[in-house]
Amino acid sequence: MAKVWVFVQQEGGATAIEYGIIASMIFVVILGAVTLFGVRVTSMWTVVATHV
């Protein structure tokens, strides 16, 4: 029982999981921004190409 209590009190793994969650949230935001702006930039270059 003492080993279980020591395991429950450790916080090192929780910190790693928190950093992983934060990194995945940042990745999702970056992915959304790139997708949104990528479509706009592609549309812009398509308009430029048709006018040339």
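Residue 19 is where the sequence shown starts when you use the numbering used here, and the numbers rise one by one after that. Backbone N, C-alpha and C define an ideal beta-carbon position, used for all residues, glycine too. What you are looking at is a predicted structure, and each value in this text was computed from that prediction instead of being measured.
Specify the secondary structure class of residue i as computed by DSSP and reduced to three states.
i: V57; result: helix
i: E36; result: helix
i: V46; result: helix
i: Q27; result: helix
i: M19; result: coil
i: V70; result: coil
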